[in-house]
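Residue numbers (our numbering): 69 to 291. Each residue gets a CB set at the ideal place from its N, CA and C atoms; glycine is no exception. Bear in mind that the values here come from a model prediction, so they are computed numbers and not experimental data.
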């Protein structure tokens, strides 16, 4: 798992509840993210291994017992996303969505493995040679729909509501702002990780948020 912001931590919580992996390796930048990552992954068969993103390749090598096959740059191979490993993770989930995180995801995934993009990528330039050479599958995970859980169909929003309550995900909301303070809220959100936060949200119950006008049933029906 690369990234432990809101997307990364809620993805870990979902895996922990419905499909816990035998071994989870988490690359998280900040200490509070690493702590949440451990707490949300208690159902894994082995203790979660956490590290800083720059150390992920080395940690994957030591944890999974893979070997370095080649390194294409002058960087130390443990920090080089162009490194080629003999094995790697079965599934790597990229919850960042940057060119660097995708390169690293491809580097730490075993031949025939799978990379899932959860973080929203922009226009990126990435060498896809490892994707071809190691026959890795790349797929995206976005929006909502109907999932099959234990043989029964369930809507994504129902699953999300269940998960929020079961894992107490409200703890991830670090601060709320009224809409009138949206510049401050956006500034806080852009630096929430370095300030010890995770999710920054708007409080629509704030007194300075105007209530929506009430429509009569007849007017609403005509509209």
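Membership of residue 206 in any alpha helix (DSSP H) is not indicated; the residue belongs instead to the beta strand (DSSP E) covering 205 to 208. Inter-residue distance for residue 189 and residue 177 is about 19 Å (C-alpha atoms, whole angstroms).
Between residue 104 and residue 231, the C-beta spacing is not below 9 Å.
Within the same chain, and ignoring the five residues on either side of residue 256 in sequence, the residues whose Cβ sits closer than 8 Å to its Cβ are 243, 245, 263, 265 and 268.
In this structure, residue 187 lies near residue 162, with their beta-carbon atoms less than 9 Å apart. Here residue 221 is bridged, per DSSP, to 216.
Around the Cβ of residue 198, a 10 Å sphere holds 16 or more other Cβ atoms; the residue is buried. In the three-state DSSP reduction, residue 137 falls in the strand class (E or B). Per the coordinates, the alpha-carbon of residue 234 lies some 43 Å from the alpha-carbon of residue 137.
Checking the DSSP bridge columns, you'll see residue 94 partnered with 118. In the structure shown, residue 242 adopts extended strand secondary structure according to DSSP, grouped into three states. Ranked by Cα distance from residue 207, the first of 165, 108, 119 and 254 is 165. Leaving aside the five residues that flank residue 154 on each side, the residues in its chain whose CB is nearer than 7 Å to its CB run, in chain order, 134, 135 and 137.
Counted as a single uninterrupted DSSP element, the alpha helix (DSSP H) harbouring residue 80 occupies residues 74 to 86. In this structure, DSSP gives residue 272 a state outside helix and strand, which the three-state scheme calls coil.
Contact check for residue 128 against residue 93 passes: the beta carbons are separated by less than 9 Å. Around the beta-carbon of residue 225, fewer than 16 other beta-carbon atoms lie within 10 Å, marking it exposed. Per DSSP, reduced to three states, the secondary structure at residue 179 is strand.
Spanning the alpha carbons of residue 173 and residue 183 requires a straight line of approximately 7 Å. For residue 125, the enclosing alpha helix (DSSP H) covers residues 124 to 132. Boundaries of the beta strand (DSSP E) harbouring residue 157: 157 to 162, taken from the DSSP string. For residue 214 and residue 126, the gap between their C-alpha atoms comes out near 38 Å.
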